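**Student:** Residues in the sequence shown are numbered consecutively from 55, following the numbering used here.
Glycine is no exception: its CB is placed at the ideal position from the N, C-alpha and C atoms.
Since the model is a prediction, treat every value here as computed from it, not as a measurement.
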Amino acid sequence: MKKRILTAICSGLLGVTMMAGSALTASAQVPYDSYSFNYWGEEVLQPHSYLYERTLTSLDFGLSLSFPEDMCIHGEYLYVADTGNSRILKLDLAGNVVQEITSADGSSDLLKTPQGVFVTEEGHLYVADGGNSRIVEYDENGEFLRSIGRPVTTLISDSQEYRPVKVVVDTAGRIYTTAYGINLGLVEFDKEGVFQGFIGATEVSVDYFTYIWKNYFSTDAQKARMETIIPTEYSNIFVDDEGFIYATISNLSDEDHMNGADAVRRLNPTGTDVLRRLGNTPITGDLAGRQWSSFCDVAATEFGCYYILDDAGGKVFAYDYDGNSLFVFGKKGTKEGNVQKPVAIALSEDEETVYILDSILGGILEFRITDYGRHLMNALRLNDLGDSEGSNAEWLEVLKSNSNNEMAYIGLGKTYLSEGDNKRAMEYFKLGNSRKYYTKAFFYYRKELMESSFGTAMLVLILLIVAVVGVRCTLRFRRWVGEVRCFMAKR
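1) Along the chain, where does the alpha helix (DSSP H) that runs through THR150 open and close?
2) From ILE210 to HIS128, what does the alpha carbon distance come to, in whole angstroms?
3) Taking 8 Å as the threshold, find out whether the segment 407 to 422 comes into contact with the segment 97 to 111 through three or more Cβ pairs.
4) Let me know the secondary structure DSSP gives ASP425 once reduced to three states.
5) Let me confirm a value: ILE516 is counted as buried when at least 16 other C-beta atoms fall within 10 Å, else exposed. Which label applies?
6) Taking the continuous alpha helix (DSSP H) assigned at ALA479, which residues delimit it?
7) Which whole-angstrom value is the C-beta distance of ILE337 and ALA317, which I expect to be below 8 Å?
8) Using three-state DSSP, classify GLY185 as helix, strand or coil.
9) Quick one: what does DSSP say LYS268 is sitting in, helix, strand or coil?
10) Within a Cβ cutoff of 6 Å, which residues of the same chain sit near SER402, ignoring the five residues on either side of it in sequence?
11) Do THR137 and THR167 have their CB atoms nearer than 7 Å?
12) Under DSSP, the beta strand (DSSP E) around GLU242 begins and ends at which residues?
13) Could you tell me how far apart the beta carbons of THR231 and ILE189 are, in whole angstroms, since I believe they sit closer than 8 Å?
14) Please report the Cβ distance between TYR360 and ALA354, rounded to the nearest whole angstrom; I am assuming they are in contact, meaning their Cβ atoms lie under 8 Å.
15) Are the beta-carbon atoms belonging to GLU194 and GLY177 less than 7 Å from one another?
16) Take ALA479 as the anchor and find which of ASN446, TYR86, THR302 and TYR300 has the nearest alpha-carbon.
17) Evaluate ASN139 with the Cβ neighbour count: other Cβ atoms within 10 Å of its Cβ, from every protein chain shown; 16 or more gives buried, anything less gives exposed.
18) Beta carbon of THR159, beta carbon of ALA398: below 7 Å?
19) Can you check whether the CB of ARG319 is closer than 7 Å to the CB of ASP310?
20) Determine the extent of the beta strand (DSSP E) in which VAL173 is found, giving its start and end residues.
21) So what does DSSP say about THR282, is it helix, strand or coil?
22) Please name the residue in LYS501, LEU453 and GLU505 whose C-alpha comes closest to that of LEU485.
23) Hey, out of ASN237, PRO323, TYR216 and ILE414, whose CA is closest to ASP183's CA?
24) Exposed or buried, ILE253, counting other C-beta atoms within 10 Å across all chains shown (16 or more means buried)?
25) Could you tell me which residues DSSP puts in a beta bridge with ARG320?
26) Could you tell me the alpha carbon to alpha carbon distance between ASP163 and THR156, rounded to whole angstroms?
27) Using a threshold of 7 Å, state whether the C-beta atoms of SER120 and PHE381 are closer than that.
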């Protein structure tokens, strides 16, 4: 019997060793690491959530891309702003060119270095035709509909260049664009193309020393030579299913990063940033000790998670709705599966494929979700839908592959919290190092104890009061009896 048990243990250990060896070999073949940030901001390696699949290049397109600058996905088609060739390409997911758009009216009115592209739910194509200082709209068949030119406003001087760079359209038909050299926020047009104003201007960040020196101690000549303190510009924009606009900022200084400046925002229709930042680490990409990340694009899922593209390190940073770090993958390099100059990111409709447009390679890299990544994202999706049982099952699958995943413990804690099992929720929030949710669960658990034991506590309190009163009355009575006896004895 002992021999059989020993044989089974040895076989199991051999199997685990073989699987570990296979995993290491597979990991060694992937030209990048996958990791996330823990409670202390440390990088923790984890199983790959997305693996490189292939790169669509000119061999697939039949055309060469020249410094493309933007990309979006709609249904089974990818739309690419082929900036260097002044055209928009509509591709199927196999990389075949379905349509090529080079002009506004089909002939003489040519596009000029377009840098932004967006497609609405109805299939209407919007192009930020920067070289012609306009936004161009096409119908679902690629037929020209209209052109939206320079906004009429005194906030932009006649001598100032107006060059729209990126464009999106929300669910109400409002058109938003970022424009080169304009730091007043996003330029907003209504659905008729009439200029409405600017929204979401980034805040000016300046240290106190610079402000005091410039305003109180500098001479006029020094002030003239000093750099003007102006708000930063948005590098890219994305509109989610709810009509909120994600906007990235890439030109942050080292000081901005060290001070935890916002590198990504989620703007409501009034321009207010409503992005939740409840995670343990700031949403700035790689943390101190590495090259600062520079966010150039963002894409969001229907359940609140978002993927941010970093053109400094060639990585994709994924966060959940609360701003917790989910995973990081990708790398700059010359190996197959690495990027050189990433400029745009897009998610397939099933959110299982990530497409990254590379300006230097002139191609589109495709990354497919793994089983581990699928369990992770399904857990978040089901939790958003309120399916606690399904979410729990997915979180447990995540922990089977990665017992260090703090998000899994937090996810399980949220499920138990929603079910009213506050004590168990506290245990999982502690494992996930979530002080915020642990405090919340503790509040409800304390309230639950108070409510459940209130009657007993009051009964015990009343009995104690009665006992104390009774003892004091008994002692007083005995003292009175003694005094009476002494008085009678003296008589």
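**Tutor:** Let me spell this out:
1) Position 96 of the sequence shown, counted from the start, is the residue given in the question as residue 150. The sequence as given places Asn at residue 150; Thr does not occur at that position. Here ASN150 belongs to no alpha helix (DSSP H), and DSSP marks it neither H nor E.
2) Sequence index remark: in the sequence shown, residue 210 carries index 156 (1-based). Sequence index remark: in the sequence shown, residue 128 carries index 74 (1-based). Cα to Cα, the separation comes out at about 34 Å.
3) Contact holds: three or more Cβ-Cβ distances are below 8 Å.
4) Here residue 425 refers to the residue found at position 371 of the sequence shown. Helix, per DSSP.
5) Counting from 1 along the sequence shown, the entry for residue 516 is found at position 462. Exposed, because fewer than 16 other Cβ atoms sit within 10 Å of the Cβ of ILE516.
6) For the purposes of this step, residue 479 is taken as the residue at position 425 of the sequence shown. Here the alpha helix (DSSP H) through ALA479 covers 476 to 485.
7) Residue 337 sits at position 283 when you count from the first residue of the sequence shown. Residue 317 sits at position 263 when you count from the first residue of the sequence shown. Yes, ILE337 and ALA317 are in contact; Cβ-Cβ is about 6 Å, under 8 Å.
8) As a first step, residue 185 is located in the sequence shown; it is residue number 131 there, counting from the start. Look at GLY185 here: in three-state DSSP terms it is helix.
9) Within the sequence shown, numbered from 1, the residue matching residue 268 stands at position 214. Residue placement at LYS268 is poorly supported in this model, since its pLDDT is 48, which falls under 50; the coordinates are not used for a value here.
10) The count along the sequence shown starts at 1 and reaches residue 402 at position 348. Listed in chain order, the non-local C-beta contacts of SER402 below 6 Å within the same chain number zero, local neighbours out to five positions each way being set aside.
11) Mapped onto the sequence shown, residue 137 falls at position 83. Mapped onto the sequence shown, residue 167 falls at position 113. Judged by their CB atoms, THR137 and THR167 are nearer to each other than the 7 Å cut-off.
12) Here residue 242 corresponds to residue number 188 of the sequence shown, with the count starting at 1. Per DSSP, GLU242 belongs to the beta strand (DSSP E) from 240 to 243.
13) If you number the sequence shown from 1, residue 231 lands on position 177. If you number the sequence shown from 1, residue 189 lands on position 135. Confirmed, about 6 Å.
14) Here residue 360 corresponds to residue number 306 of the sequence shown, with the count starting at 1. Here residue 354 corresponds to residue number 300 of the sequence shown, with the count starting at 1. Indeed they touch by this definition, with Cβ atoms about 4 Å apart.
15) Numbered from 1 along the sequence shown, position 140 holds the residue referred to as residue 194. Numbered from 1 along the sequence shown, position 123 holds the residue referred to as residue 177. By the CB criterion at 7 Å, GLU194 and GLY177 fall inside the cutoff.
16) As a first step, residue 479 is located in the sequence shown; it is residue number 425 there, counting from the start. Answer by Cα proximity: ASN446.
17) For the purposes of this step, residue 139 is taken as residue 85 along the sequence shown, with counting starting at 1. Note on ASN139: 16 or more other CB atoms within 10 angstroms of its CB, so buried under the neighbour-count rule.
18) As a first step, residue 159 must be located in the sequence shown, where it is residue number 105. As a first step, residue 398 must be located in the sequence shown, where it is residue number 344. For the record, residue 159 in the displayed sequence is Asp; it is not Thr. Judged by beta-carbon spacing, ALA398 lies beyond the 7 Å limit of ASP159, meaning their Cβ atoms are not closer than that value.
19) Counting from 1 along the sequence shown, the entry for residue 310 is found at position 256. Counting from 1 along the sequence shown, the entry for residue 319 is found at position 265. No, they are not a contact pair.
20) Taking the sequence shown and counting its residues from 1, one reaches residue 173 at position 119. First-last of the beta strand (DSSP E) with VAL173: 170 to 173.
21) What you label residue 282 is simply residue 228 of the sequence shown in a count that begins at 1. Confidence at THR282 is low in this model, with a pLDDT of 42, below 50, so the placement of that residue is unreliable and no value is reported for it.
22) By one-based count along the sequence shown, residue 485 stands at place 431. Looking at the Cα atoms, LEU453 is the closest of the given residues.
23) Position 129 of the sequence shown, counted from the start, is the residue given in the question as residue 183. ASP183 has its Cα closest to that of TYR216, out of ASN237, PRO323, TYR216 and ILE414.
24) Residue numbering aside, residue 253 sits at position 199 when the sequence shown is read from its first letter. Here ILE253 is buried, its C-beta having at least 16 other C-beta atoms within 10 Å.
25) Position 266 of the sequence shown, counted from the start, is the residue given in the question as residue 320. Per the DSSP secondary-structure output, ARG320 pairs in a beta bridge with TYR300.
26) As a first step, residue 163 is located in the sequence shown; it is residue number 109 there, counting from the start. As a first step, residue 156 is located in the sequence shown; it is residue number 102 there, counting from the start. Their backbone Cα atoms lie some 9 Å apart in a straight line.
27) One-based indexing of the sequence shown puts residue 120 at position 66. One-based indexing of the sequence shown puts residue 381 at position 327. If you check the CB distance, SER120 and PHE381 do not come in under 7 Å.
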